[in-house]
Structure formats: C-alpha cells, structure tokens
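Visitor: Note that the protein sequences, when read in sequence, are chains A and B. FYI, in the working numbering the residues of the first sequence are 4 to 229. FYI, in the working numbering the residues of the second sequence are 567 to 955. Here a beta-carbon is modelled for each residue, glycine too, at the ideal position from N, C-alpha and C.
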Amino acid sequence: MAKEESEESNEKLLQDISRTLSSLENSKRISRLVNEAIDRKIPITEIIEKGLRSGIERVGTLYEKGEYFLSELLFSSSLMNESMELLIPHLKGEKSQKEGKIVLGTVRGDIHDIGKNIFKMFAQSSGFEVYDLGVDVEPAMFIEKLNNTRAEILGLSALLTTTSYEMKTVIDTLTQEGIRNKVKVLIGGNAVNKEFAEEVGADAAARDAVDGVELCKRWVKRDDDS
Amino acid sequence: MMTPRERVKAVIDFKKPDVLPWIESFFDETLVKWFREGLPADKVTVIEWVITSGGLTLLNWPAVLGFDPYSYFGCQNMHGCCAPLDVGPIPRFKRRVIGESERYVDLITETGAIVRRLKRGDYKWYNMPMFLNFPVKDKKTWEEYRKRLNPEDPRRYPKDWDKDAYVEVFDNYQAGITVLAFTGFYGFGAQLMGIENFNILYYKDRELLQDMVKHWEYFTIETIRDMTETLKDKVDMVYLWEDMADKHGPCISPKIFKEVFLPHYKNVTSFLKKNKIDRVLVDCDGNISPILDLFAEAGITGLWPLEVNSGMNAIDLKKKYGSKFFLIGNLDKRALAKGGEAMKQEIDSKVPILKELGGYIPGVDHLVHVEFTYEKFKEYSEYLKKQLS
Numbered sequence: 004m005a006k007e008e009s010e011e012s013n014e015k016l017l018q019d020i021s022r023t024l025s026s027l028e029n030s031k032r033i034s035r036l037v038n039e040a041i042d043r044k045i046p047i048t049e050i051i052e053k054g055l056r057s058g059i060e061r062v063g064t065l066y067e068k069g070e071y072f073l074s075e076l077l078f079s080s081s082l083m084n085e086s087m088e089l090l091i092p093h094l095k096g097e098k099s100q101k102e103g104k105i106v107l108g109t110v111r112g113d114i115h116d117i118g119k120n121i122f123k124m125f126a127q128s129s130g131f132e133v134y135d136l137g138v139d140v141e142p143a144m145f146i147e148k149l150n151n152t153r154a155e156i157l158g159l160s161a162l163l164t165t166t167s168y169e170m171k172t173v174i175d176t177l178t179q180e181g182i183r184n185k186v187k188v189l190i191g192g193n194a195v196n197k198e199f200a201e202e203v204g205a206d207a208a209a210r211d212a213v214d215g216v217e218l219c220k221r222w223v224k225r226d227d228d229s
Numbered sequence: 567m568m569t570p571r572e573r574v575k576a577v578i579d580f581k582k583p584d585v586l587p588w589i590e591s592f593f594d595e596t597l598v599k600w601f602r603e604g605l606p607a608d609k610v611t612v613i614e615w616v617i618t619s620g621g622l623t624l625l626n627w628p629a630v631l632g633f634d635p636y637s638y639f640g641c642q643n644m645h646g647c648c649a650p651l652d653v654g655p656i657p658r659f660k661r662r663v664i665g666e667s668e669r670y671v672d673l674i675t676e677t678g679a680i681v682r683r684l685k686r687g688d689y690k691w692y693n694m695p696m697f698l699n700f701p702v703k704d705k706k707t708w709e710e711y712r713k714r715l716n717p718e719d720p721r722r723y724p725k726d727w728d729k730d731a732y733v734e735v736f737d738n739y740q741a742g743i744t745v746l747a748f749t750g751f752y753g754f755g756a757q758l759m760g761i762e763n764f765n766i767l768y769y770k771d772r773e774l775l776q777d778m779v780k781h782w783e784y785f786t787i788e789t790i791r792d793m794t795e796t797l798k799d800k801v802d803m804v805y806l807w808e809d810m811a812d813k814h815g816p817c818i819s820p821k822i823f824k825e826v827f828l829p830h831y832k833n834v835t836s837f838l839k840k841n842k843i844d845r846v847l848v849d850c851d852g853n854i855s856p857i858l859d860l861f862a863e864a865g866i867t868g869l870w871p872l873e874v875n876s877g878m879n880a881i882d883l884k885k886k887y888g889s890k891f892f893l894i895g896n897l898d899k900r901a902l903a904k905g906g907e908a909m910k911q912e913i914d915s916k917v918p919i920l921k922e923l924g925g926y927i928p929g930v931d932h933l934v935h936v937e938f939t940y941e942k943f944k945e946y947s948e949y950l951k952k953q954l955s
C-alpha cells in the first residue's frame, strides 16, 4: 500500500514538473520540483521523459495551436536546459532515451543562424541528439558528420533564396556518396516551402521549429517500427 | 493630374487617386547586380554638388550620393522625403574590425553589436550577418547603453535645423510622400539584445523589459517632439520599423504585446495624433495576422510588406479590416521574379480587386531582392503599370 502511495505521489510530482514547464512558471519552481524528484530517487530517465519532455511536448502543441509563440518556445527550452543541468550529474549509468540523431547546419555561403538555433534548442529539448556544425558549412562536412555519427536526419538551414540552392548541392552530394537513402533531409528557412523541398530533393520543409521536430519524430518512429 | 505625393496621400486616406501609385524599396546590391545586367548606370546614379567630407570646406564638388531607380522605373520610394532625425545611439560605437580570417570579417557595428560577415561571395551585403554578441545583456549593460539614448542630445537634429525652411521643404515636396521614421518597441529591444534574449526577457526579467520599453517611449517622443510639433501634418506618414514576426506568427504573443507594448504604442500614436499625424505604417515581415487587432488598437493604420510566403493576403485583410489599415506590397516576390505567366497571374489575381477595394498600393512583398533579374523586373514593372491607371 505504502509503495502504491509513493508511486502515485511520484507520478503526481512528474505531472507537476510537466505542468510547471508547459505553463512557463518561473525557473525556481521547476528547479525545486526537479530536485525533489531527484531526492525521491525517481529514475532520472523518468524525470526527463514523464516530467520535462512531456511538458515540452505540450508547449509544442500550444505553439502549433497558436496559443504560444516564439517567446514561449524559447523560454520553455531554457527551462528544460536548466533542469537538465540539475539532472545530468545524477544520470550515471542511466541512459536518457534519445529520440534520434540530427546533423544540423546552415549551408555554405550563408551565415544566418537564428532559425537554426531555435530549431536546435527545441530538438534537443524534445530528446534529439543534435550535432550542430554551425554556419557556412561545406557539403563534405555534412557527409563526414553523417558518416561518423550515423545520424538518421540531416537538417539544412538557409535564409535566402540565393543560398537555398546550396541545399541541392548538399543533397546531390549525399546521392554521390551513396548515403541519400540512409538519411532524411529536412530543410528550413524563410525562403523554403514544400514546393522548394521537392525541387531540391529534400524529404520535407519545416514550417517552423515545432513542425520540424514533429517531422523528425515521425521519421525516427517509422524507422523504429520498420 | 495628381502629383506622386497626392496619389499616395489619397490612397492612405482611403480616397481614389487619379492613378494608383506603386511603391518599392530596393536592396542596393540588387541594383549593383542589375548594372551588370544592363541597367543604365547614368540613368539612376545621383550626383550632386556637395561639400565632400574630409575635403575643402569652402568648395562644392560633384559626388555620387546613391541611386534613384524609382524615377527610372516609374515607382515611388517608400520613404520619399524623410525627416532627418538621428534616432540611433549617440555617440555611435566606433565601427572597427576586430578579427579577420580568409573567409570572414568580425566587426563591431555602430549600434555596438559584434557581427560576422562573409568576405567573399556574390551578395555579401544582401546576406544578413551572423550576430556574435549584443551590447545589452542585463540591467547593468542596459543602464550603460541608455546613456547613448538621450533625446536631448543636440546632434539628433540636423545642423541646418531651421523650422520655417523645413516646413517649406516638406510642404513643397511632391515627388513622393513625406515620412517620419523610427524604430518600434520590439525592433529596438531585439536590436540591442538579440531576438532570443529579448524574446524571453518577459519571463526572465520583466522589470528590465518594462524599463527598456518605457525608456524607448520617452526617447522616441522627446526625440521627435520638436520635429513633429513643427511639421505636424506636413508629415504624411510615420514609418515604424518593427520586424517582430516569422512565418509562424508574431515572435511575442498577443498577451505580452497587450500587457507590455500596447500602452507605450498608444502613448506614441496619441502624441502623433495630437499633432495631426494619423497615418502610421508598420514595417513587419512574417505572419502578423494574430496581432492585427492589437495593432489597430495601438494606433497603427498601415502595413507593409505583407509577405505571401508567411500567409499574408491583402484581399482577406481588406475584407476583414476594411479601412482600419492601408496596405502596401503583398505581391509575391517569388512569383514576380519568375516573370511571364507566374508574374501576370500574381498581379491579375490581386491588383484589380484591391484597386477596387481601395486603400492599397501595390509592390513587392519585401525589398526587391537579388533573385530578380533586371529583365524580369522590367517586365514586371511594365505589366504592373498597365494595371494602375
């Protein structure tokens, strides 16, 4: 009975963490709740999955519904990062379940990074391992990182129409190197849309960071299922 | 026959002009590219007799002041005759290179940000720089920066600020509209702190956010006060730079806008109204639909550029908001740059309807960008002009 009560109470605490994160309450409260969960010896992976990531998922839903905006997306990711800093020293042997791996970068000739960074924050908060190559990235660097990490997804960012065509160069290089069918290619940026994705041979164009992460989740899930 | 200024004034006052005006803004780098493609430089280069900087102060000498593609193509410049106020930081930060590699140059800008730029490439100025650091990070750095935003600094007004002479100039100008331009509350904060940091300030340090926007209201009103009270309705339109949206929607929620920004907007627009200036245009890229009711409440009366790629549709806005907003732009840059049927279809599907609805001035849904070839822009301009009269 006592064990059941304790499990129920832990479950409530995780829900509280999730709710606190998604309702964007201040960072002190979420830190207190996360520390309480650590003290109660709730497995760290559970705190991450059922508490934090569940909260981030709710933020994504509210963003897509138009109730939350960029401010809320960014602040929730910063709360997530602060909470992860509390949890990481306790992870020890436990392995946080990763959604998947993404190699990310802004293409050669373009040094714009705001959209890429927002996507990165939200993807990491949602459980993806992100290898950010930065800006003005040569096609060969994407290939090398994909080969080294065996990432399932390549995220390409560009602000301008002029530099967006560099995405095609990267995708063509994937084909030449014989790895195009091993990775899904997601593109993002002001000038890209569904038609452009088709034109350059990408798998999809992200409308925004949340849409992009949702696409990545679907791809990784499908890979797991198959 | 109406003058170009009268035409624009008629449209933004929801009256019928004799000929619908057409407004564009060009990236300078687009023009440089067009020179290579056949745009005759002698037709658009502005050369004036001036006292050249660093030259002999008692000698006028002809110097290139820039380009005027507007008269050449038959469109108008958004800024027409602009009130020469300095609404930036004074003193400016000394612009200087702080690092350099084969591919990049890092420099401090005049607003105090540190940016990285590509050294080579076809369009190195057209590409936004990468921001490495911003001058305002917290209360302490804001207090330091605030000293540069002193509205009383006499350098904010031109050396030749002579009220009667300026009234006469603004009264007589007919080549386009007269404009008073400054930065909005979000634009100011994002410039000083960066988009990411300024966006979460509401949650991280609301007191600092309130203090910053309060100061910006004070700074704006006091800086423009003398100019506004002198020129009054000789200013046809206020132009407010306020890039606060992306494709998804506004970067800040309507709730934050209402709570933090709206009261300050109202104070600024009330001050303008008291001085008989009631046409206030916001320059905001991206999808601004969720925030338009609040813009109207804030005293905003005009919108540009209405980016099609972000889902903005001038016809829908006209139907929903009627004469609450005059609209400029909304012709899809991607379709226009393609030329031919795609360009014609874009114009035909919008311009005749919007011309009938009124309060609309056609133009590209942002600055004319480098993807436009000179030939395609000429084709677009010739086709559009046929639809205007």
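Using the beta-carbon of each residue, which ones in chain A are nearer than 8 Å to B/Pro695?
Guide: Counting only Cβ-Cβ distances below 8 Å, B/Pro695 has contacts in chain A at Ile114, in chain order.
Visitor: What residues in the segment 815-827 of chain B bring their beta carbon closer than 7 Å to a beta carbon of chain A?
Guide: Under the 7 Å Cβ criterion, the segment 815-827 of chain B contributes Gly815, Pro816, Cys817, Ile818, Ser819, Ile822.
Visitor: According to DSSP, is A/Ser160 part of a helix, a strand, or is it coil?
Guide: strand
Visitor: Taking C-beta pairs closer than 7 Å, name the residues in chain B that A/Asp135 reaches, listed in chain order.
Guide: Contacts between A/Asp135 and chain B, judged by CB atoms closer than 7 Å, are missing: the closest CB pair is about 13 Å apart.
Visitor: Can you list, in chain order, the residues of the segment 171-198 of chain A whose Cβ is nearer than 8 Å to any Cβ on chain B?
Guide: Asn193, Ala194, Asn196
Visitor: Take every Cβ of the segment 894-902 of chain B, pair it with every Cβ of the segment 868-881 of chain B, and state whether three or more of those distances are shorter than 8 Å.
Guide: yes
Visitor: To be precise: take each residue of the segment 743-777 of chain B, compare its Cβ to all Cβ atoms of chain A, and keep it if any distance is under 8 Å. Which residues remain?
Guide: Ile761, Glu762, Asn765, Ile766, Tyr768, Tyr769, Lys770
Visitor: Exposed or buried, which one is A/Arg42 when buried takes at least 16 other CB atoms within 10 Å?
Guide: Note that residue 42 of chain A is Asp in the sequence shown here, rather than Arg. Counting Cβ neighbours within 10 Å, A/Asp42 comes out exposed, since fewer than 16 surround it.
Visitor: Under 7 Å Cβ to Cβ from B/Leu828, same chain only, skipping five residues before and after it: list those, please.
Guide: Leu860, Glu863, Ala864
Visitor: Out of A/Leu77, A/Val186, A/Pro142, which has the shortest C-alpha to C-alpha gap to A/Gln127?
Guide: Comparing Cα-Cα distances from A/Gln127 to each of A/Leu77, A/Val186, A/Pro142, the minimum goes to A/Leu77.
Visitor: Among residues of its own chain, excluding the 5 on either side of B/Ala649, which ones have a beta-carbon nearer than 6 Å to its beta-carbon?
Guide: Leu746, Met793
Visitor: Can you list, in chain order, the residues of its chain whose CB lies under 7 Å from that of B/Pro695, leaving out five sequence neighbours each side?
Guide: Cβ within range, chain order: Val681, Arg682, Arg683.
Visitor: To the nearest angstrom, how far is the alpha carbon of B/His932 from that of B/Phe837?
Guide: 29 Å
Visitor: In the DSSP assignment, the alpha helix (DSSP H) including A/Val37 goes from what residue to what residue?
Guide: 30-42
Visitor: Which partner residues does A/Glu132 have in the DSSP bridge list?
Guide: A/Lys104
Visitor: May I ask you to list the residues that DSSP assigns as paired with B/Asp849?
Guide: B/Asp849 pairs with B/Trp807, B/Trp870.
Visitor: Can you list, in chain order, the residues of its chain whose CB lies under 6 Å from that of B/Gly924, leaving out five sequence neighbours each side?
Guide: Same-chain partners within the cutoff: Phe580.
Visitor: Between the segment 866-879 of chain B and chain A, which residues of the former have a C-beta closer than 8 Å to a C-beta of the latter?
Guide: Asn875
Visitor: Considering only their Cβ atoms, is the gap separating B/Trp708 from B/Gly750 smaller than 9 Å?
Guide: no
Visitor: Out of curiosity, what's the CA-to-CA distance linking B/Val735 and B/Asp726?
Guide: 13 Å
Visitor: With distances taken from CA atoms, which of B/Lys916, B/Lys942, B/Glu572, B/Leu920 is nearest B/Ala741?
Guide: B/Glu572
Visitor: Using a Cβ-Cβ cutoff of 9 Å, what residues of the segment 922-939 of chain B are near chain A? List them in chain order.
Guide: Under the 9 Å Cβ criterion, the segment 922-939 of chain B contributes His935, Val936, Glu937.
Visitor: Starting from B/Asp812, find everything on chain A with Cβ-Cβ shorter than 8 Å and list it in chain order.
Guide: Leu73, Gly118, Asn193, Asp211
Visitor: List the residues of chain A whose Cβ lies closer than 9 Å to the Cβ of B/Leu684, in chain order.
Guide: Gly112, Asp113, Ile114, Asp139
Visitor: Name, please, each residue of chain A whose Cβ falls closer than 7 Å to the Cβ of B/Gly687.
Guide: Gly112
Visitor: Along the beta strand (DSSP E) that carries B/Thr611, what are the first and last residues, could you check?
Guide: 611-616
Visitor: Note the first and the last residue of the continuous alpha helix (DSSP H) segment covering A/Thr178.
Guide: 169-179
Visitor: I'd like to know whether the C-beta of A/Ser81 is nearer than 9 Å to at least one C-beta of chain B.
Guide: yes
Visitor: Does the beta-carbon distance from B/Val612 to B/Phe633 come in below 9 Å?
Guide: yes
Visitor: According to DSSP, B/Thr749 sits in a beta bridge with which residue or residues?
Guide: B/Trp807
Visitor: I need the boundaries of the alpha helix (DSSP H) containing B/Arg573, first residue and last residue.
Guide: 570-578
Visitor: In the DSSP assignment, find the beta strand (DSSP E) that holds B/Phe892 and state where it starts and stops.
Guide: 892-897
Visitor: B/Asn879 by DSSP, collapsed to three states: which one?
Guide: coil
Visitor: Taking the straight line between their C-alpha atoms, what separation do you get for B/Val917 and B/Gln911?
Guide: 10 Å
Visitor: Is there a Cβ from chain A that is less than 9 Å from the Cβ of B/Pro701?
Guide: no
Visitor: A/Leu94 to A/Gly137, Cα distance in whole Å?
Guide: 28 Å
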